[in-house]
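Participant:
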Amino acid sequence: MPLSVPPELKRIKPFVQRAEELDRDKSPESRIVAYYCRQWAVQTGIPLSTSSDAAKTCLGELLGQLEGEKGAMSVFNRAESKQICRGFADTVFDRANAVDRAGAADKATARTFYAAASFFEILQQFDDESTDPDVTKEEEERRVYAKWKATEILKAIREGRKPAPGAFGEDMEKGKTDVEEEDQDVNEEEQEEVAPATEEEAVAAEEEEEEAPDVFIPPLAPTTGFAPLAPSAPEPEPEPETEEEEGTEVGLDGPPPPAYPGNDD
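Numbering (the numbering used here), first residue to last: 1 to 265.
1. Looking at the structure shown, is Ser-51 part of a helix, part of a strand, or coil, going by DSSP?
2. Considering Ile-157, what are the terminal residues of the alpha helix (DSSP H) in which it resides?
3. Are there 16 or more other CB atoms within 10 angstroms of the CB of Lys-149, so buried, or fewer, so exposed?
4. Distance check for Ile-122 and Leu-229, CA to CA, integer angstroms please.
5. What's the call for Thr-50, buried or exposed, on a 16-neighbour Cβ count within 10 Å?
6. Could you give the first and the last residue of the continuous alpha helix (DSSP H) run that contains Leu-22?
7. Taking contact to mean at least 3 C-beta pairs separated by less than 8 Å, is the region 67 to 82 in contact with the region 107 to 120?
8. Using 8 Å as the threshold, is the C-beta distance between Asp-127 and Thr-136 below it?
9. Would Asn-77 be called buried (16 or more neighbouring beta carbons within 10 Å of its own) or exposed?
10. Should the region 14 to 21 be called in touch with the region 33 to 42, which here means at least 3 C-beta pairs below 8 Å?
11. What separation, rounded to the nearest whole angstrom, lies between the Cα atoms of Pro-133 and Trp-40?
12. Do Leu-59 and Val-42 count as a contact pair if the criterion is CB distance below 8 Å?
13. Gln-125: which of Gly-262, Pro-6, Thr-44, Arg-101 sits nearest, CA to CA?
14. Could you tell me the distance, in whole angstroms, from the CA atom of Gly-160 to the CA atom of Leu-154?
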């Protein structure tokens, strides 16, 4: 049964949703990422919570789930856990990015970008004084870009036009990966003319997630040395996914659209 997240803890809802989606996979890697999604949800939610019973219940259930998995998580040290979570975030981001740059982005691509943004955000809990600042910068760039890109794709779909591939104003030929040249030229003029999303459009894009199905989470290579899952009761039919957090941090009326991650030009 999906965890009920009260309005005051809306900020943590995407991380709870990602964890519940990963619970259905039951692979060791999904189990690890789900654990750190919930841990980040708790760390983020505690400062937001009030004395309401709903908030206490929500955070209490998350803490209980974390406690139940704590022993299994001790198999991996902090660096190994970070590596697994980072690899997972990269995999989800690269999947959405490949579809987008092939000129085939749709609502599913936007949802996958949203998921990638959440997975990059949970990496912040691993940061300390020994963290390479260049790595932290790269992860933040990918998180911001993924969130902005998801909003832009949904904006284009609502306006009845094909989503422009790549970053805002990006020279797709210069940033070419494995996409065919004809795909690089799709909507080139349109891409230069389209402005970044307004705040209202960003909020509307988030609200489209309310009835969205779960994001497809690609499995990683198997990890050994992980305790097996205990038998569980059959899972109920998943309820419709609730809305993601409101707004985005980019593509509004202030900050300019982000450059493609790692592109310093």
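The C-beta atom is built at its ideal place from N, Cα and C for all residues, glycine as well. Predicted model only: the values in this text are computed from it and were never measured.
Facilitator: With the structure as the only source:
1. As a first step, residue 51 is located in the sequence shown; it is residue number 51 there, counting from the start. In this structure, Ser-51 counts as coil in the three-state DSSP scheme.
2. As a working note, residue 157 is residue 157 in the sequence shown. That run of the alpha helix (DSSP H) goes 133 to 158.
3. Mapped onto the sequence shown, residue 149 falls at position 149. That one is buried.
4. By one-based count along the sequence shown, residue 229 stands at place 229. By one-based count along the sequence shown, residue 122 stands at place 122. With a pLDDT of 38 at Leu-229, under the threshold of 50, the modelled position of this residue cannot be trusted; read the value that follows with caution. For Leu-229 and Ile-122, the distance between alpha carbons rounds to 23 Å.
5. The residue labelled residue 50 in the question sits at position 50 within the sequence shown. Result: exposed.
6. Locating residue 22 in the sequence shown gives position 22, counting from the first residue. That run of the alpha helix (DSSP H) goes 13 to 23.
7. no
8. As a working mapping, residue 127 is identified with position 127 in the sequence shown. As a working mapping, residue 136 is identified with position 136 in the sequence shown. Yes; because the gap between Cβ atoms is below 8 Å, this pair is in contact.
9. Reading the sequence shown from its first residue, position 77 is the one you call residue 77. By the neighbour-count rule (16 or more Cβ atoms within 10 Å), Asn-77 is not buried but exposed.
10. yes
11. For the purposes of this step, residue 133 is taken as residue 133 along the sequence shown, with counting starting at 1. For the purposes of this step, residue 40 is taken as residue 40 along the sequence shown, with counting starting at 1. Pro-133 and Trp-40: Cα-Cα distance of roughly 20 Å.
12. Walking along the sequence shown from the start, residue 42 turns up at place 42. Walking along the sequence shown from the start, residue 59 turns up at place 59. The answer is yes: Cβ separation under 8 Å.
13. Within the sequence shown, residue 125 is the residue found at index 125, counting from 1. The option with the nearest alpha carbon to Gln-125 is Thr-44.
14. Translated into the one-based positions of the sequence shown, residue 160 becomes position 160. Translated into the one-based positions of the sequence shown, residue 154 becomes position 154. Their Cα atoms are separated by approximately 10 Å.
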